[in-house]
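Notes follow the structure.
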Amino acid sequence: MDASQLYQEIILDHNKKPRNWGKVEGCTHKSEGLNPLCGDHIWVTLKIAGDAIDSVAFEGQSCAICKASASMMTSAVKGKSVAEAETLVQEFRDMTTGKLDVGRDQHHLGRLTVFAGVKDLPVRVKCAILPWHTLHAALAREASASTEGDQDPIAG
Amino acid sequence: MSAVPNQASPIAAPGASGPLDVERLRADFPILTEVRVHGKPLVYLDNGASSQMPRQVIDRLVRYQTREHANIHRGVHYLSATATAAYEAARATVQRFLNAREDREIVFTSGVTDSINLVAYGYGRAFIGAGDEIIVTHMEHHANIVPWQMLCEEKGAQLRVVPITDAGELVMEEYERLFTPRTKLVAVTHVSNALGTINPVKEMIDIAHRKGVPIMIDGAQAVQHIAVDVQALDCDFYAFTGHKVYGPTGVGVLYAKAALLEKMRPYRGGGDMILSVTFEKTIYNEIPFKFEAGTPPIAAAIGLATALEYVQGVGLDRIAAHEKELLRRATEQLCAIPGVRIVGTAREKAAVLSFNVGDVHPHDVGTLLNDDGVAVRTGHHCAQPVMQRYGIPATARASFAFYNTPAEVEQLAASVRRVQKLFG
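Have a look at this one:
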């Protein structure tokens, strides 16, 4: 596919004006995500009260795909339960690796389906997934996430 | 004995003068016309990572595999003799290409990384010890940093780093000042892969020799752009790789002065690098064979020789003139786009152009350029210290070959304008 189709307005907008940018004060969970091959490097912090994600934020240096994915991820999981967030992590991963067909299969991804096209850009899949790996690592109380090899926390 | 098989390939535009007939030369490179990206013609501007192979090299590989292949240096049979002759003729071609004094000064390796590791192991481990110093520069590829760091770690030696200016030039006064009585080796790139800077290697070699220090030149980004004469340079070591000079992957070259090779330790043990083996003692083979343990990349070495003959046939002076014009146009056209910043503005540059488009991440630039069929490299170019020096995570890099055209430069600029507009 044409990459221009992926760089839609919504992704460009989240890249320019990332939501939930920064750190959560007094966070209960945090993790660092690094994609050493392309240099995407982000931090995700969360405050979890009971079973609910009370607040979530991210910051770092990354390409537009990664930043928009992180921005939209934080918007999507805020106020959700940990289990609901983990479901989104799995569905997002399945969508971008071609295991979930957003037009056919049931899912809860909503506007996150703008990232469906990334499955046709294999070298960029890791950019889109990194924030989700990092979120997963934070929820699992792991200090860091990486999209490389055996460190991959949700390798399939 | 069959005929020496490295001479038969027809070479386009042999040794002519005047401007290149680029369209005619392009016809030698099947991939340039056979590949279309998103239905658009391929605009291949990633030659610094790997250049494409002309038909003459591809044909030579086919001829070797269909009529000449066997293992070398060990069989008495016809094919082994044929393959051995072709492989050793390839060594002689490399010798002529670099104007080395003798063919035994040419060691085939798997690439520049392998060549540098060979020197770090074979020379460094034997002659560099605790408290000694190795001089490198701030613009080295990781391949010319990490092997020396590993050596330093093992021996308790130290790296000293020549700084670079904002333009991407070495600070030569600092270079000279870094020498101490403990300096045992200098390792410097001829042309920077990330910045395009052509370093004043002749001057650097002379300075090192005045201090009595041997010097290694990493020519990975040089031999495809600049005629290199290792005797005129008087460098002690020179390395280059096949697939960046229109040859196959898997083969590289280490040139070293014979006297140095003689006193170096073998890098790897195995077959072909020995004269005799008993369990009590092994006697190593003569140079260069003592550094070529096991079966070498025979086909790739033979293909490389054809590539070097091809390049010499086109003429490195004419290649340099054409590429200089491409670089001039590309620099001018990209600079005219709002927000574009060129990284690396040295006075002497090879046709390598690193740039950023505003604060758009280079991976986004590269992905969008690919929509138009334009292939550039994006990332830190295995030169993270360079990126740290300029405070950027990465760049996009267009690197030109003689088969690139002014029209391709215009396509690059048009595609970059599109990216700039999209991210606005």
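Line order of the protein sequences matches chains A and B. Its first residue numbered 270, the first sequence is counted upward by one per residue in the numbering used here. Its first residue numbered 43, the second sequence is counted upward by one per residue in the numbering used here. Where a beta carbon is used, it is the ideal one built from N, C-alpha and C, also for glycine.
Closer than 7 Å at the beta carbon, the chain B residues around Leu390 (chain A): Thr409
Chain B contact residues for Ser415 (chain A), given Cβ-Cβ distances below 9 Å: Correct list: empty, because the minimum Cβ distance to chain B is about 16 Å.
Sequence-distant residues of its chain with Cβ nearer than 7 Å to Gln306 (chain B) (five each side left out): The question names Gln, but residue 306 (chain B) is Met in the sequence shown. If we look at Met306 (chain B) and ignore the five residues flanking it on each side, its Cβ neighbours are Gly164, Tyr165, Ala168.
Assigned secondary structure, Ile384 (chain B) (DSSP; H/G/I helix, E/B strand, else coil): Residue state, collapsed to three classes: strand.
Pair within 8 Å by beta-carbon distance, Thr239 (chain B) and Gly466 (chain B): no
Paired residues, beta bridge with His183 (chain B) - DSSP: His183 (chain B) is not bridged to any residue.
Cβ-based contacts, 8 Å cut-off: residues of the stretch 82-93 of chain B near chain A: Within the stretch 82-93 of chain B, no residue has its Cβ closer than 8 Å to any Cβ of chain A.
Local Cβ density within 10 Å of Ala354 (chain A), reported as buried at 16 or more and exposed below that: buried
Buried or exposed by the 16-neighbour rule on C-beta atoms within 10 Å, applied to Leu317 (chain B): exposed
Exposure label - Phe327 (chain A); buried when at least 16 CB within 10 Å: buried
Cβ-Cβ distance between Leu220 (chain B) and Ala388 (chain B) below 8 Å: no
His310 (chain A) - DSSP class collapsed to helix/strand/coil: strand
Residue range of the alpha helix (DSSP H) that includes His283 (chain A): Taken as a continuous stretch (DSSP letters only), the alpha helix (DSSP H) holding His283 (chain A) covers 278-285.
Cross-chain neighbours of Gln330 (chain A) in chain B, by beta carbon under 7 Å: Pro435
For Gly289 (chain B) and Ile158 (chain B), the rounded distance between their alpha carbons: Cα-Cα distance, rounded: 19 Å.
Residue burial classification, Tyr106 (chain B) (beta-carbon count within 10 angstroms, cutoff 16): buried
Beta-carbon spacing of Gly294 (chain B), Phe282 (chain B) below 8 Å: yes
Three-state secondary structure assigned by DSSP to Gly425 (chain A): Note that Gly425 (chain A) has pLDDT 39, beneath the 50 cutoff, so the model's placement of it is unreliable and no number is given.
Among B:Ile187, B:Arg102, B:Leu121, nearest to Ala342 (chain B) - alpha-carbon criterion: B:Arg102
Short Cβ contact (8 Å threshold) for Val351 (chain A) with Ile322 (chain A): yes
Contact list for the stretch 365-397 of chain B against chain A, Cβ threshold 7 Å: none
Through-space distance from Ser234 (chain B) to Val313 (chain A), alpha-carbon basis: 36 Å
Euclidean distance between Cα positions of Thr437 (chain B) and His422 (chain B): 6 Å
Within-8 Å CB hit, His183 (chain B) to chain C: No chain C appears in this structure, whose protein chains are A and B.
Three-state secondary structure (DSSP) of Thr373 (chain B): helix
Cβ pair count under 8 Å reaching 3, the stretch 338-346 of chain A against the stretch 396-416 of chain A: By the C-beta criterion, the stretch 338-346 of chain A is judged to be in contact with the stretch 396-416 of chain A, since at least 3 inter-stretch pairs fall below 8 Å.
Contact residues within the stretch 235-251 of chain B, judged by C-beta distance below 8 Å to chain A: Residues of the stretch 235-251 of chain B with a C-beta less than 8 Å from any C-beta of chain A: none at all.
Contact list for Gly367 (chain A) against chain B, beta-carbon separation under 7 Å: By Cβ distance, chain B contributes nothing, its closest Cβ being about 18 Å from Gly367 (chain A), past 7 Å.
At least three beta-carbon pairs within less than 8 Å, the stretch 400-416 of chain B to the stretch 75-90 of chain B: Short answer: they touch.
Option in B:Tyr352, B:Ala347, B:Arg371 with minimal Cα separation from Ala131 (chain B): B:Ala347
Boundaries (first-last residue) of the alpha helix (DSSP H) holding Gly355 (chain B): 340-356
CB contact below 8 Å: Asn327 (chain B) versus chain A: no
Straight-line gap, Thr382 (chain A) to Pro391 (chain A) (C-alpha atoms, nearest Å): 17 Å
DSSP state of Glu301 (chain A) mapped onto helix, strand, coil: Correct three-state label for Glu301 (chain A): strand.
CB contact check: Ile53 (chain B) to chain A, cutoff 8 Å: Note that Ile53 (chain B) scores a pLDDT of 47, beneath 50, so its modelled location is shaky and nothing firm can be said.
Interface partners of Leu121 (chain B) on chain A, CB under 7 Å: Ordered by position in chain A, no residue passes the 7 Å Cβ test against Leu121 (chain B), which lies about 41 Å from the chain.
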